[in-house]
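One structure below.
Number of protein chains: 2
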Amino acid sequence: MHDVAASADVSQAVVSIVLSGSYAGRASETTAQRVRDAASELGYRPNLQAKSLKTGRTEIIGLVGDEVATSPFSGMMIKGAQDRAWQEHHTLMTVDTGGDDALERAAVETMLSHQVHGILYTAMFHREVKIPRAALDTRVVCLNARDVEGRAPSVVPDEVTGGYEATRALLDAGHTRIAMINIHSTIPAAVGRLEGYRRALSEAGLARDPALVRPGDGTHRSGVDAVEDLLALPSPPTAIFCGTDRTALGAYQALSAKGLEIPGDISIVGFDDQDVLRDFFQPPLTTVQLPFAEMGDRAAALVLDASAPAEVHLIHCPVIHRESVGPPKGR
Amino acid sequence: MHDVAASADVSQAVVSIVLSGSYAGRASETTAQRVRDAASELGYRPNLQAKSLKTGRTEIIGLVGDEVATSPFSGMMIKGAQDRAWQEHHTLMTVDTGGDDALERAAVETMLSHQVHGILYTAMFHREVKIPRAALDTRVVCLNARDVEGRAPSVVPDEVTGGYEATRALLDAGHTRIAMINIHSTIPAAVGRLEGYRRALSEAGLARDPALVRPGDGTHRSGVDAVEDLLALPSPPTAIFCGTDRTALGAYQALSAKGLEIPGDISIVGFDDQDVLRDFFQPPLTTVQLPFAEMGDRAAALVLDASAPAEVHLIHCPVIHRESVGPPKGR
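Given below as structure tokens:
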């Protein structure tokens, strides 16, 4: 620490507060960066591990989530946050409020009274949220949620790019009649994925055909229904981008019931890469991954970095190429 | 409180410590029971809610689990525990250790240093556990886990009765050639469900046929494989009890591939009632429910009841009758 202080031309106290992440209001960003550069150059890292090993205790990061327990999505998000927290010598403690406001308030107050390092305010499906007032007494990061008031950093999936790349995968295979089965139309996943789909088609010089965009609600059922509608069109699509994997599974079943093959007769791309469904796709589904582990990791890193501004962090949703996309029939 | 104290012939202080659950070593069990009886008779209940509403804070119950985040089973268990805790004016905070011993130690120490009311030491699949030493400094209840040392109450599914009733459902429909596809053979779920299966057959006066008990590992794949083996027997079964729903789904697919109908040609019972799989069974699967919400509820109630002895609480696993069981073919 002495060497870092000398190299950055600050006191050891400043090194300590900068590297502990708690320098807001006590050191400028320029100074903080100088300290971090010096520390990194000299390979110095405050011995947090020794401290936590000695006491056997770690600091707490709280995660307040709305339906952690019952959502198939929460797993990797919590694991990503947990792994990052633990790596930085913190313990992640999760409260599932089940959407109960009184429980949420009590959870936040309880976390504050136990002096948590910060709170990950987490939604189980990507949505806009208003952070509870009390939570702002500590550091808050919104996870899978966008802070409508812009008071805290938010970490969300990049739905638009995900929808764009899903559609590109179908365009790249040669398709020009590409349908989309969307989710409830007002949530960010639906809005973003549709925007990405439209952008890709427009970039490829294809005219919009509203008949090819089917409403849905993310369920298996809406995949079945939408496929029946799409196949009844005068000029049916040769490829379908499904807004969720569940919907894609419905599409698989409806196509199979009609004796149509994937991708021989029609290509399918999903969205979510939900692991519990993965086994049920025959052939394996090409889909877009919601990067939950990475989102959790990023949010935990941000809650530990007191200097991070209240920005929206879009996390890339990669296309996972499997076997449900091929060239259009007859090509 | 005055009336309860008078009726039970103790001081108000004793009423308070008994009803707060913290009387161990400060009042006898007989006295405690007298106080509880008096309180219940007089309809008295300490005003914990007023206290928590006033401070906005609640006491913490810690849940330490080995793979909370990535298990499809954890949801309802955590929700059951959370709902009970909240009803009793506590907040449940969960740490997912991912099976990391150092993290588990740190989580326990951190919970102790924050004076949690108690710890639910939780396994994501039913197994035997050894409670970490440090945790015993507070009240511990094992959830979905059996404390091998018998130091704490344990709440586990009643696997034996579950296996028994699954098999009875098939016997009651008239089957006498009933196969079982088991899970990894040493875990309590496998041992218990098999024992229940054997007990039901033996009660029905049926001889054991070892060829009808197939090994498996709980996966979809082992359902497919075991069905192929079973159909190749000289005298194939007319009904199959599958050790897990995943395995039952594999069995469905293997039977469908052979052109056999459920329950027309063969009846199937599963185990777990895993909600993420429910949609994929055509016809809907008759299965045995793992009562996770009830287990979580019971464990939270036990952690709040300091007088509960270190017993094993077996929670009943009910058969959920749907459409995969019918009479044997030709009857």
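Chains as they are written, first to last, in UniProt numbering: chain A, 1 to 331; chain B, 1 to 331. Positions of the beta carbon are idealized from the N, C-alpha and C atoms, including for glycine. Given the structure is predicted, the values throughout are model-derived calculations rather than measurements.
CA nearest to the CA of residue i, picked from the options
i: A/GLU159; options: A/VAL140, A/ARG199, A/ALA300; result: A/ARG199
i: B/PRO215; options: B/VAL227, B/GLY205, B/ARG208; result: B/VAL227
i: B/ALA120; options: B/PHE292, B/SER11, B/ILE61; result: The sequence shown places Leu at residue 120 of chain B, not Ala. It is B/ILE61.
i: B/VAL269; options: B/ILE320, B/ASP101, B/THR122, B/THR176; result: B/ILE320
i: B/GLY98; options: B/SER40, B/LYS329, B/SER71; result: B/SER71
i: B/MET180; options: B/HIS313, B/ASP245, B/HIS126, B/MET76; result: B/ASP245
i: A/SER40; options: A/GLU59, A/SER28, A/VAL18; result: A/VAL18
i: A/PRO327; options: A/SER256, A/VAL312, A/THR238, A/GLU294; result: A/THR238
i: B/ALA248; options: B/ARG221, B/LEU194, B/ALA169; result: B/ARG221
i: B/GLY192; options: B/ASP172, B/ARG177, B/ILE178, B/ALA166; result: B/ALA166
i: A/MET76; options: A/ASN182, A/ASP273, A/GLY243, A/MET111; result: A/ASP273
i: A/ILE315; options: A/MET111, A/PRO157, A/GLY163; result: A/PRO157
i: B/LEU260; options: B/SER235, B/LYS329, B/ASP305, B/ILE178; result: B/LYS329
i: A/ASP275; options: A/ASP265, A/ALA293, A/ARG34; result: A/ALA293
i: B/SER16; options: B/MET1, B/ASP279, B/ALA257, B/ALA6; result: B/MET1
i: B/GLU109; options: B/PHE271, B/ASP265, B/LEU230, B/LEU63; result: B/LEU63
i: residue 338 of chain B; options: B/SER324, B/HIS126, B/GLY150; result: Past the edges of chain B, shown from 1 to 331, lies residue 338 of chain B, and the structure says nothing about it.
i: A/MET111; options: A/VAL14, A/VAL95, A/GLN33, A/ASP265; result: A/VAL95
i: B/ASP100; options: A/LYS79, A/VAL116, A/HIS114; result: A/LYS79
i: A/VAL68; options: A/HIS89, A/LEU304, A/MET93; result: A/MET93
i: A/HIS115; options: A/LEU42, A/ARG139, A/CYS317; result: For the record, residue 115 of chain A in the displayed sequence is Gln; it is not His. For the residues A/LEU42, A/ARG139, A/CYS317, the minimum Cα distance to A/GLN115 belongs to A/ARG139.
i: B/PRO318; options: B/ARG168, B/SER113, B/HIS126, B/HIS184; result: B/ARG168
i: A/ALA32; options: A/VAL4, A/LEU302, A/PRO234, A/PRO263; result: A/VAL4
i: B/ALA301; options: B/ARG34, B/TRP86, B/ALA6, B/LEU42; result: B/TRP86
i: B/PHE281; options: B/ASP265, B/GLY243, B/VAL10, B/ALA251; result: B/ALA251
i: B/HIS184; options: B/LEU201, B/VAL10, B/THR219, B/ASP172; result: B/THR219
i: A/ALA190; options: A/PRO234, A/LEU201, A/ARG127, A/PRO236; result: A/ARG127
i: B/HIS89; options: A/GLU104, A/CYS142, A/ASP305; result: A/GLU104
i: A/VAL141; options: A/VAL325, A/GLU323, A/GLU311; result: A/GLU311
i: B/SER304; options: B/VAL10, B/GLU59, B/GLY43; result: First, the amino acid is wrong: residue 304 of chain B is Leu here, not Ser. Checking every option, the nearest Cα to that of B/LEU304 belongs to B/GLU59.
Buried/exposed call for residue i, threshold 16 Cβ in 10 Å
i: B/SER307; result: exposed
i: B/PHE83; result: Correcting the residue identity first, residue 83 of chain B is Asp in this sequence and not Phe. The residue in question, B/ASP83, is buried, as its Cβ has 16 or more Cβ neighbours within 10 Å.
i: B/GLY296; result: buried
i: B/ALA102; result: exposed
i: A/THR186; result: exposed
i: B/GLN12; result: exposed
i: A/THR161; result: buried
i: A/ALA257; result: exposed
i: B/GLU29; result: exposed
i: A/GLY174; result: exposed
i: B/SER267; result: buried
i: B/SER202; result: exposed
i: B/GLY118; result: buried
i: A/SER324; result: buried
i: B/PRO309; result: exposed
i: residue 332 of chain B; result: There is simply no residue 332 of chain B to check, as chain B begins at 1 and stops at 331 in what is shown.
i: A/LEU277; result: buried
i: B/ASN230; result: One detail in the question is off: residue 230 of chain B reads as Leu in this sequence, not Asn. Buried: at least 16 other Cβ atoms inside 10 Å.
i: A/LEU233; result: exposed
i: B/ALA50; result: With a pLDDT of 48 at B/ALA50, under the threshold of 50, the modelled position of this residue cannot be trusted, and the question is left open.
i: A/THR122; result: buried
i: B/VAL14; result: buried
Cβ separation of residue i and residue j, assumed to be a contact under 8 Å, to the nearest whole Å
i: B/VAL224; j: B/ALA254; result: 4 Å
i: A/ASP217; j: A/MET124; result: Incorrect: roughly 16 Å between the Cβ atoms, too far for contact.
i: B/PHE241; j: B/LEU170; result: 6 Å
i: A/SER8; j: A/ALA38; result: Contrary to the premise, residue 8 of chain A reads as Ala rather than Ser in this sequence. Right, their Cβ atoms sit about 4 Å apart.
i: A/ALA106; j: B/THR91; result: 6 Å
i: B/SER154; j: B/HIS313; result: 7 Å
i: A/ALA299; j: A/ALA81; result: 6 Å
i: B/GLY163; j: B/GLY205; result: In fact, because the Cβ distance is near 18 Å, the residues do not count as touching under 8 Å.
i: A/GLY243; j: A/ASN182; result: 5 Å
Check: residue i C-beta below 7 Å from any heavy atom of the ligand NAD
i: B/ALA106; result: What this structure holds is no ligand at all, so the ligand NAD is not there to describe.
Would you say the stretch 267–287 of chain B touches the stretch 116–134 of chain B, given that touching needs at least three Cβ pairs under 8 Å? no
In the stretch 279–298 of chain B, which residues sit with their C-beta less than 8 Å from some C-beta in chain A, listed in chain order? ASP279, PHE280
Three or more beta-carbon pairs under 8 Å between the stretch 203–213 of chain B and the stretch 139–155 of chain B, yes or no? no
Residues of the stretch 310–328 of chain A with a CB closer than 8 Å to any CB of chain B: list them in chain order, please. none
Relative to chain A, which residues along the stretch 171–203 of chain B have a C-beta separation below 8 Å, given in chain order? none
Give me the subset of the stretch 205–222 of chain A whose CB atoms are less than 8 Å from a CB atom of chain B, sorted by chain position. HIS220
Which residues, in order along the stretch 147–164 of chain A, keep a beta-carbon less than 7 Å from a beta-carbon of chain B? none
Cβ-based contacts, 7 Å cut-off: residues of the stretch 109–139 of chain A near chain B: GLU109, THR110, SER113, HIS114
Interfacial residues, the stretch 80–102 of chain A to chain B, with Cβ spacing under 8 Å: GLN82, ASP83, TRP86, THR91, LEU92, MET93, THR94, VAL95, ASP96, GLY98, ASP100
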